[in-house]
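Chains S and Y are the protein sequences, given in the same order. Position 294, counted from 1, in the first sequence is what the UniProt record's numbering calls 294; the numbers after and before it change by one each time, with no gaps. Position 60, counted from 1, in the second sequence is what the UniProt record's numbering calls 60; the numbers after and before it change by one each time, with no gaps. For each residue, glycine too, the CB sits at the ideal point set by N, CA and C.
2 protein chains.
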Amino acid sequence: MVQLAQGRTLVNAAVPVISRAYASASKAAPSKEHHVLSLPDSAFPKGFQVAAAHAGVKKKEGALDLGVLVSTADTPCNAAACFTRNVFKAAPVVVSTKVLEEGNGRVRGFVVNSGCANAVTGSKGMEDAWAMSKKVTDGLAGSSGSPSTGTLVMSTGVIGQHLPIDAITSKIPSLLSSLSGSASSWMSLAKAFMTTDTFPKLRAREFKLGSQTVRIAGIDKGAGMIHPNMGPPHATLLGVVATDASISPKALQSALTYAVDRSFNSITVDGDMSTNDTILCLANGAATSSSGERAQEITEEGNPEEFAVFKEELRSFAEELAQLVVRDGEGATKFVTVRVENGPSYEVSRAVASSVATSSLVKTALYGQDANWGRILCAVGYTNLPAGTISPTSVSVSFIPPKGSPNPTPLQLLTNGEPEPNIDEARGSEILAEEDLEILIDLGVKGGEGAKYWTCDFSHEYVSINADYRS
Amino acid sequence: MVQLAQGRTLVNAAVPVISRAYASASKAAPSKEHHVLSLPDSAFPKGFQVAAAHAGVKKKEGALDLGVLVSTADTPCNAAACFTRNVFKAAPVVVSTKVLEEGNGRVRGFVVNSGCANAVTGSKGMEDAWAMSKKVTDGLAGSSGSPSTGTLVMSTGVIGQHLPIDAITSKIPSLLSSLSGSASSWMSLAKAFMTTDTFPKLRAREFKLGSQTVRIAGIDKGAGMIHPNMGPPHATLLGVVATDASISPKALQSALTYAVDRSFNSITVDGDMSTNDTILCLANGAATSSSGERAQEITEEGNPEEFAVFKEELRSFAEELAQLVVRDGEGATKFVTVRVENGPSYEVSRAVASSVATSSLVKTALYGQDANWGRILCAVGYTNLPAGTISPTSVSVSFIPPKGSPNPTPLQLLTNGEPEPNIDEARGSEILAEEDLEILIDLGVKGGEGAKYWTCDFSHEYVSINADYRS
């Protein structure tokens, strides 16, 4: 090969380099304050106590970075979990998997730190994760609950750094002496989960299960490195749901796996799946009926109707928690639901929704408030599916304004693969100016299944945050 | 379900919303002027003529937006192509596929427009693509070449808008009357391909093939919506390679498919695969030996040695063209090679390289010049591969400075799954301050196969460009 070296000279004014000039001003993410709710003490499930403290993992003086949740019910606390499928599972993920196994699905509670992920930290990282877990278990030995059960552990923050383990373990005794079931303690625990989050994510509900009223409370965190794919006893998304319902470990895992696929596994901020993603679900059976009696443990086979109610409540609650992560997505100015209808299967619909929700071009167009359906369609078309799965002439796309919008009329963009003539761009801009909106993609298989994915836009602030933050 | 409506009140000063404050200043993409080469007339393959004009697809007066290339050799011009695998194939992709089929791998040349992709344009779009193609074929009917062969067609630009087809077809006769083989005409043709590109992408080489010296010239375009996945007769990446070597259509397709997998299919700017991606390769056999004779057509079976030389030259040339697209990636300040070594197979190594090259968190860290190997490892770990394919304790990661760097020492970050103790962050910053750099990931399978992927960083300017540009 002869490179034409004699020709490789720089060119001057004869071939001017075109420069791009764009006017897009940087838009700041709106305040997320209104997503913080104040809840009464009575909202929280019975038989759980929590505490949080500053142990020094976060540099900022007084910033909460260590928390515990303990079941104080004198019945076993059943547990289920979904962990990241990343090959590089962080030490706390490995240790929590083991704690669940050893306890046959029963645990005392969990300990969590933020500021350091204890991921890719080798054997020292494993020792540290065990040290956190055991310090809590040992500190609870004299109290109520079964001493043979262990403590789950979660960490979130920078990858590849060791925990200040002595600072953490020396703080645990005072943490255990300050346990409380109050709403303010729950809020402190939620803050101890935070990294790049701009607000603490805490929710609680109650619902009827059989003859009982049960409560469910949940905390999660996450704003970046969000594209979870969690499996059972396999998200830096961390989340925990605690309920005073009585449900067997196996039924709890079954309900959690179902709920996580349709909530935490259906959100994306940046398409990056973390080494630490973990969702825990704890059920201690401490709820009582009006006569003061506890319920029998629900199983999938023994109580199909109650199980179905619990599963749907858990899915719905998990969806609300998962959406909070997207709302707080790094630099996000919009919350967008990608709804796919009439796909040949749930899996195909979900794959298409994920492809659109993850597309950088779709997400920057949303930030620019540009009704750019071409990019949406393009992302539908490159979904990794076997040839022939999607028929291009059956696909329709529309924008749906949020509930409560003054003008509820959707905007049809594409019908059966053909663009609508004379698309009302002004109406498109109206809908896209909303903080919440929905992209509806109909794959045209009548009677087929749908799926939803939740995403945010891709902003200047996202780049600023991630060019600076060592995560 | 009873939503705790009474609790859903906004919280005031008691739970302050934490605001993120980041200092990252917006860095402008450096000038790409030095990637424009001046080439002599003699650099270009014999028997091809080209022309370009302003037909009015682009609004800017005088902006080149229409071009043709015609083989004027009195032998058939063999052709091969790789087209996008997107379900929504643009009309020109469908038409070019048909032209290739009808001509049994022989064509007259191609016509290309920029400014409008003629994608998702229904039956009118198909008519328009055929009209462009046929106008060129008809205009050439009286000239040399077989009249039974057709003209390939390519379009790039906005999706979902119709071409100004009358303006295009009425410009074609004058275009055909201005055909020329000069270097300046080739440069004009390269400019007619451009959309958000900041510089025209034109290269040429010569090499020995058997007893002959043959020439190869190539043009490509693309800066965004770049994550091609093209298959034979199946990227808005457009590219064309023309050579005066003599090679059969089948051998040409075989060599092109191999070359495209290792070049255009191994680059990413934003992870979005276009509806229009097309790479064409034309070979007209017009090269002559020193005694003035043309060569026999090379086939894969009949001339294995010469075929091997041609295939490798085509791969290497395609790699150079593909890299230009990444260098001109929207908002790019860096050109990054992700090299994976010692994987269990080429496919696994390529999947890992693609995962790292596409990660938003890796790309923003590169923009921020942060030696954030945690994000690299995280992206290795979430590569979509069967469980057990990658052994976490066998993975090593290092940064390699570019060739010609004053300090050629690489920086080892991770060895066999364990972070290096005392990583030299200053050295990391030095390497990351370079415009070119390489991320080396060793998967630890001794004697295994490797793969390369080329990517750029993710900048504020990327967001500006794509929040504003209707692509």
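Would you identify the three-state DSSP class for residue i, choosing helix, strand or coil?
{"i": "residue 466 of chain Y", "result": "helix"}
{"i": "residue 379 of chain Y", "result": "helix"}
{"i": "residue 296 of chain Y", "result": "coil"}
{"i": "residue 455 of chain Y", "result": "strand"}
{"i": "residue 461 of chain Y", "result": "helix"}
{"i": "residue 149 of chain Y", "result": "coil"}
{"i": "residue 22 of chain Y", "result": "At residue 22 of chain Y, the pLDDT of 42 sits below 50, so the modelled position is not reliable and the matter cannot be decided from this model."}
{"i": "residue 472 of chain S", "result": "Limits of chain S in this structure are 1 at one end and 471 at the other, which puts residue 472 of chain S out of reach."}
{"i": "residue 8 of chain S", "result": "Its pLDDT being 27, under 50, residue 8 of chain S is placed unreliably in this model, and the value from its coordinates should be taken loosely. Strand, per DSSP."}
{"i": "residue 183 of chain Y", "result": "helix"}
{"i": "residue 225 of chain Y", "result": "coil"}
{"i": "residue 351 of chain Y", "result": "helix"}
{"i": "residue 257 of chain S", "result": "helix"}
{"i": "residue 426 of chain S", "result": "helix"}
{"i": "residue 327 of chain Y", "result": "helix"}
{"i": "residue 406 of chain Y", "result": "coil"}
{"i": "residue 283 of chain Y", "result": "strand"}
{"i": "residue 220 of chain S", "result": "strand"}
{"i": "residue 44 of chain Y", "result": "coil"}
{"i": "residue 234 of chain Y", "result": "Residue confidence for residue 234 of chain Y is low, a pLDDT of 39 falling below 50, so the modelled location carries little weight; the figure read from the coordinates is stated next. Residue 234 of chain Y: coil per DSSP, three-state reduction."}
{"i": "residue 132 of chain Y", "result": "helix"}
Looking only at C-alpha atoms, which of the options sits nearest to residue i?
{"i": "residue 137 of chain Y", "options": "Y/124, Y/175, Y/162, Y/120", "result": "Y/175"}
{"i": "residue 100 of chain S", "options": "S/141, S/280, S/178", "result": "S/280"}
{"i": "residue 213 of chain S", "options": "S/346, S/433, S/150, S/290", "result": "S/290"}
{"i": "residue 116 of chain Y", "options": "Y/305, Y/92, Y/299", "result": "Y/92"}
{"i": "residue 334 of chain S", "options": "S/437, S/294, S/159, S/120", "result": "S/437"}
{"i": "residue 79 of chain Y", "options": "Y/129, Y/57, Y/135, Y/245", "result": "Y/245"}
{"i": "residue 53 of chain S", "options": "S/114, S/105, S/95, S/432", "result": "S/114"}
{"i": "residue 356 of chain Y", "options": "Y/368, Y/325, Y/454", "result": "Y/454"}
{"i": "residue 59 of chain S", "options": "S/163, S/225, S/86", "result": "S/163"}
{"i": "residue 317 of chain Y", "options": "Y/344, Y/207, Y/365, Y/412", "result": "Y/207"}
{"i": "residue 341 of chain Y", "options": "Y/370, Y/444, Y/134", "result": "Y/444"}
{"i": "residue 375 of chain S", "options": "Y/186, Y/172, Y/270, Y/49", "result": "Y/270"}
{"i": "residue 153 of chain Y", "options": "Y/170, Y/165, Y/252, Y/133", "result": "Y/133"}
{"i": "residue 312 of chain Y", "options": "Y/359, Y/294, Y/261", "result": "Y/261"}
{"i": "residue 324 of chain S", "options": "S/224, S/66, S/89, S/252", "result": "S/224"}
{"i": "residue 36 of chain Y", "options": "Y/209, Y/94, Y/219, Y/161", "result": "Y/219"}
{"i": "residue 118 of chain Y", "options": "Y/89, Y/322, Y/306", "result": "Y/89"}
{"i": "residue 187 of chain S", "options": "S/169, S/71, S/393, S/67", "result": "S/67"}
{"i": "residue 326 of chain S", "options": "S/226, S/255, S/302", "result": "S/226"}
Thinking C-beta only, is residue j closer than 8 Å to residue i?
{"i": "residue 284 of chain Y", "j": "residue 75 of chain Y", "result": "yes"}
{"i": "residue 389 of chain Y", "j": "residue 338 of chain Y", "result": "no"}
{"i": "residue 243 of chain Y", "j": "residue 216 of chain Y", "result": "yes"}
{"i": "residue 451 of chain Y", "j": "residue 346 of chain Y", "result": "yes"}
{"i": "residue 352 of chain Y", "j": "residue 441 of chain Y", "result": "yes"}
{"i": "residue 449 of chain S", "j": "residue 343 of chain S", "result": "yes"}
{"i": "residue 238 of chain Y", "j": "residue 221 of chain Y", "result": "yes"}
{"i": "residue 377 of chain Y", "j": "residue 432 of chain Y", "result": "no"}
{"i": "residue 274 of chain Y", "j": "residue 86 of chain Y", "result": "yes"}
{"i": "residue 484 of chain S", "j": "residue 109 of chain S", "result": "The structure shown has nothing for residue 484 of chain S, since chain S only spans 1 to 471."}
{"i": "residue 410 of chain S", "j": "residue 391 of chain S", "result": "no"}
{"i": "residue 39 of chain Y", "j": "residue 183 of chain Y", "result": "yes"}
{"i": "residue 366 of chain S", "j": "residue 457 of chain S", "result": "yes"}
{"i": "residue 286 of chain Y", "j": "residue 46 of chain Y", "result": "yes"}
Could you tell me if the beta carbon of residue i falls within a distance shorter than 7 Å of some heavy atom in the ligand NAP?
{"i": "residue 334 of chain S", "result": "You won't find the ligand NAP in this model; it holds no ligand whatsoever."}
Legend entry - Interfacial residues, the segment 415 to 433 of chain S to chain Y, with Cβ spacing under 9 Å: Only those residues of the segment 415 to 433 of chain S whose C-beta falls short of 9 Å from the nearest C-beta of chain Y are listed: 417, 418, 419, 423.
Legend entry - chain Y contacts made by the segment 146 to 174 of chain S, where a contact means CB separation under 8 Å: 158, 159, 160
Legend entry - Cβ contact (3+ pairs, closer than 8 Å) linking the segment 322 to 330 of chain Y and the segment 190 to 207 of chain Y: yes
Legend entry - Near-chain Y residues of the segment 268 to 283 of chain S (beta-carbon distance less than 8 Å), N- to C-terminal order: Answer set for the segment 268 to 283 of chain S: 270, 271, 272, 273, 274, 275.
Legend entry - the segment 424 to 434 of chain Y contacting the segment 418 to 426 of chain S, beta-carbon criterion three pairs below 8 Å: no
Inset, instruction - State whether the segment 459 to 468 of chain Y contacts the segment 27 to 36 of chain Y, with contact taken as three or more CB pairs (one from each stretch) at a distance under 8 Å. - result: yes
Legend entry - Against chain Y: residues of the segment 446 to 460 of chain S by CB proximity under 8 Å: 458, 459, 460
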